[in-house]
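See below for the structure under consideration.
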Amino acid sequence: MVTYTDYLTINTKKRYEIVDITDEIERFRAKANLSDGIILVSAMHITASIFVNDHESGLWQDIMAWLEDLAPRKSGYKHHLTGEDNADAHLKRMLLGHQVIVPVTDGKLDFRLWERVHYGEFDGQRPKRILLKAVGV
Amino acid sequence: MVTYTDYLTINTKKRYEIVDITDEIERFRAKANLSDGIILVSAMHITASIFVNDHESGLWQDIMAWLEDLAPRKSGYKHHLTGEDNADAHLKRMLLGHQVIVPVTDGKLDFRLWERVHYGEFDGQRPKRILLKAVGV
Amino acid sequence: MVTYTDYLTINTKKRYEIVDITDEIERFRAKANLSDGIILVSAMHITASIFVNDHESGLWQDIMAWLEDLAPRKSGYKHHLTGEDNADAHLKRMLLGHQVIVPVTDGKLDFRLWERVHYGEFDGQRPKRILLKAVGV
Chain S
0 MVTYTDYLTI
10 NTKKRYEIVD
20 ITDEIERFRA
30 KANLSDGIIL
40 VSAMHITASI
50 FVNDHESGLW
60 QDIMAWLEDL
70 APRKSGYKHH
80 LTGEDNADAH
90 LKRMLLGHQV
100 IVPVTDGKLD
110 FRLWERVHYG
120 EFDGQRPKRI
130 LLKAVGV
Chain Y
0 MVTYTDYLTI
10 NTKKRYEIVD
20 ITDEIERFRA
30 KANLSDGIIL
40 VSAMHITASI
50 FVNDHESGLW
60 QDIMAWLEDL
70 APRKSGYKHH
80 LTGEDNADAH
90 LKRMLLGHQV
100 IVPVTDGKLD
110 FRLWERVHYG
120 EFDGQRPKRI
130 LLKAVGV
Chain H
0 MVTYTDYLTI
10 NTKKRYEIVD
20 ITDEIERFRA
30 KANLSDGIIL
40 VSAMHITASI
50 FVNDHESGLW
60 QDIMAWLEDL
70 APRKSGYKHH
80 LTGEDNADAH
90 LKRMLLGHQV
100 IVPVTDGKLD
110 FRLWERVHYG
120 EFDGQRPKRI
130 LLKAVGV
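Protein sequence lines, in the order shown, are assigned to chains S, Y and H. If you use numbering that gives the first Met the number 0, the first sequence corresponds to residues 0 to 136, in order. If you use numbering that gives the first Met the number 0, the second sequence corresponds to residues 0 to 136, in order. If you use numbering that gives the first Met the number 0, the third sequence corresponds to residues 0 to 136, in order.
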């Protein structure tokens with residue numbers, strides 16, 4: 000049985016940014032020598048998301064505009080009484096979810112054509128970590 | 000240790016539709032001969048969801064109306080500049096999530112009375128695939 | 000290989016409430032004797048959530064106000080024709096998600112400083128169950 004863990008660090012240039020991390024996950028799979036099982040991909044900071052969607056820059060802009068509409072950056076959040084200014088990031092991260100399970104079959108990520116794993120950053124410009132854990136054979 | 004994978008294909012009659020797939024998952028569990036562990040149920044197309052909720056047609060209508068309210072089908076999405084017309088489906092699928100882990104204990108789906116696994120289709124009328132993967136003993 | 004299952008029961012005083020269950024999950028990990036793998040934490044009732052976010056009471060209030068804004072408690076839901084009055088709870092639970100995978104590495108929950116697992120109750124004041132399942136070594 001295989002259990003194997005590693006961590007990615009991402010430091011985005013912008014406060015809000017989407018990054019495709021699928022190739023990093025495939026590199027991790029090879030390092031873990033996982034041929035069948037699952038890979039947990041989980042954001043370790045509570046202002047970031049992991050989600051599976053299309054690698055298409057227009058859609059990425061739609062996603063960011065939509066998140067801003069449903070969970071706007073604004074003053075007035077009670078969380079800001081602590082001195083923070085990122086309550087919107089905590090909410091946005093929950094809309095998209097903070098983790099994904101990637102299936103692995105026959106030594107490959109078991110994805111259809113358009114499935115790509117993305118990191119969604121909503122409070123960036125500093126190093127943030129992502130956990131990768133393989134479980135299987 | 001058991002690892003076992005299979006795929007369902009669903010072709011809905013309508014563009015937007017909810018389908019209860021719990022019985023298919025139990026059939027898969029039996030085929031996988033999984034007595035304790037987890038089953039990953041994951042939509043392989045990026046315009047569909049997997050979620051656990053009540054099998055109740057009034058609630059299903061509420062869910063669809065609510066999704067349309069929060070992520071409406073409309074023109075103006077940047078994703079449509081590629082020729083697509085389904086940006087709303089990409090957003091709706093993220094609100095409900097695209098995968099579920101079903102726990103299996105003592106050779107049964109470890110669910111309480113009202114827990115049912117649903118497939119949410121937001122761009123249907125063509126064959127779409129769902130991955131099922133068992134990991135455990 | 001370890002597979003181990005247990006259940007928590009939570010009975011909140013209020014209809015809507017957030018409860019930090021991270022310490023209970025660490026107790027479960029120790030009982031399961033899991034040193035590397037995953038713990039599935041899954042709400043067994045369809046009007047409750049499991050999510051990872053900051054243990055900060057201002058943020059918890061922001062989350063509840065935000066959920067009420069996006070999925071309000073109101074009359075008019077079709078689900079209420081069955082005699083129920085909790086359609087909003089079914090929707091709120093989907094916004095935050097109903098399950099989380101907790102990674103375990105070196106005999107500890109593999110979390111960064113601010114990651115805490117929360118139970119979100121949207122139709123409480125009665126006993127509700129949460130499933131915990133360990134898979135790994």
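All residues carry an ideal CB built from backbone N, CA and C; glycine is no exception.
- In this structure, H:GLY123 sits near H:THR11, with a CB-CB distance shorter than 8 Å.
- In the three-state DSSP reduction, S:LEU33 falls in the coil class, being neither helix nor strand.
- Contact of S:THR104 with chain Y by beta-carbon distance below 8 Å involves THR4, LYS132.
- The CB of H:LYS73 never comes closer than 8 Å to any CB in chain Y; the least such distance is about 11 Å.
- Residues of the region 83-97 of chain S with a Cβ closer than 9 Å to any Cβ of chain Y, in chain order: LEU94, LEU95, GLY96.
- With fewer than 16 other Cβ atoms from the protein chains shown falling within 10 Å of its own Cβ, S:GLY82 counts as exposed.
- Residue range 16-19 is occupied by the beta strand (DSSP E) that includes Y:GLU16.
- DSSP places S:GLY57 in the helix class (H, G or I) of the three-state scheme.
- Restricting attention to Y:GLU16, Y:GLU25, Y:ILE38, the CA atom closest to the CA of Y:VAL136 is found in Y:ILE38.
- Contact note: S:THR81 reaches chain H through GLU55, GLY57, using a C-beta cutoff of 7 Å and chain order.
- Between the alpha carbons of Y:MET63 and H:ASP87 lies a gap of roughly 13 Å.
- S:GLU114 has a beta carbon lying within less than 8 Å of a beta carbon in chain Y.
- For S:ARG128, the enclosing beta strand (DSSP E) begins and ends at 127-135.
- The three-state reading of DSSP puts S:HIS97 in coil, since its state is none of H, G, I, E or B.
- Rounded to whole angstroms, the gap between the alpha carbons of Y:LYS132 and Y:LEU7 is 11 Å.
- Those residues of the region 38-52 of chain H placed with their C-beta closer than 7 Å to a C-beta in chain Y are LEU39, SER41, MET43, HIS44, ILE45, ordered along the chain.
- In the DSSP assignment, Y:TYR6 is bridged to Y:LEU130.
- Close to Y:GLN60, with beta-carbon spacing below 7 Å, are these residues of chain H in chain order: LYS77.
- At a cut-off of 8 Å, the C-beta of Y:MET0 has a neighbouring C-beta in chain H.
- Listed along the chain, the chain S residues whose CB falls inside 7 Å of the CB of H:ARG111 are MET43, HIS44, ARG128.
- Nearest in C-alpha terms to H:HIS97, of all of Y:PHE50, Y:ILE24, Y:PHE121, Y:LYS107, is Y:PHE50.
- H:GLU120 and H:ILE20 do not touch by the CB rule: their CB atoms are close to 11 Å apart, not below 8 Å.
- C-alpha of H:GLY57 to C-alpha of H:ARG115: approximately 15 Å in a straight line.
- Within chain Y, the residues whose beta carbon sits less than 7 Å from that of S:LEU69 are LEU69, listed in sequence order.
- Per DSSP, the continuous beta strand (DSSP E) segment holding H:PHE50 begins and ends at 47-52.
- If you look at S:ARG115, you'll find it in the beta strand (DSSP E) that goes 115-120.
- For the region 2-29 of chain S, the residues whose beta carbon sits under 7 Å from a beta carbon of chain H are, in order, THR2, THR4.
- Rounded to the nearest angstrom, the gap between the Cα atoms of H:ILE17 and H:TYR118 is 6 Å.
- A check of alpha carbon separations from S:ALA42 across H:ARG125, H:LEU130, H:ASN52 identifies H:ASN52 as the nearest.
- Proximity of Y:ASP122 to chain H, defined by a Cβ-Cβ separation below 8 Å, is not satisfied.
- In the displayed model, S:ALA42 falls within a strand according to three-state DSSP.
- Judged by DSSP in its simplified three-state form, Y:LYS13 adopts coil rather than helix or strand.
- The C-alpha of Y:GLY106 is placed about 8 Å away from the C-alpha of Y:ARG28.
- Taking a contact as a CB-CB distance under 8 Å, the pair S:ARG128 and H:ARG111 counts as one, their CB atoms being some 6 Å apart.
- One Cα belongs to Y:GLU55, the other to H:THR46, and the distance between them is close to 14 Å.
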